[in-house]
Amino acid sequence: MYSPSLLATINCSIGNKKNHISIQDLCELFNGKKIFNELDKYIIDIIQKEATKEELNTFKKNYKITTKQLKYILSINPY
90 MYSPSLLATI NCSIGNKKNH ISIQDLCELF NGKKIFNELD KYIIDIIQKE ATKEELNTFK
150 KNYKITTKQL KYILSINPY
């Protein structure tokens, strides 16, 4: 399976390798998860602050993420 640069951006920002996420974890975050743990909140913060438009658009296209799902993640105040 293709490993997107968005996933690399997130995992590079997470110092502890035990906390690195998989593509499945990332897709679940976009697919309507409503209760976020501390790691989820940190990942959302990374997406909002560090991810490029290109990374987000490529991830959206390759993993069938809707514009609505992307806007939801970008609109959350994680903390």
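Numbering (my numbering), first residue to last: 90 to 168.
Heads up, the beta-carbon is just placed ideally off N, CA and C, and yes, glycines get one too.
This one's a predicted model, so the numbers in the text were calculated from it and none came from an experiment.
Euclidean distance between Cα positions of GLU127 and PHE119: For GLU127 and PHE119, the distance between alpha carbons rounds to 16 Å.
Within 10 Å of its beta-carbon, does LEU163 have 16 or more other beta-carbons around it, so buried, or fewer, so exposed? exposed
What are the start and end residues of the alpha helix (DSSP H) that includes TYR152? Element bounds for TYR152: n/a, residue is neither H nor E.
In the DSSP assignment, find the unbroken alpha helix (DSSP H) run with TYR131 in it and report its ends. 127-139
Could you check where the alpha helix (DSSP H) with ASN100 kicks off and where it finishes? 94-102 is the extent of the alpha helix (DSSP H) around ASN100.
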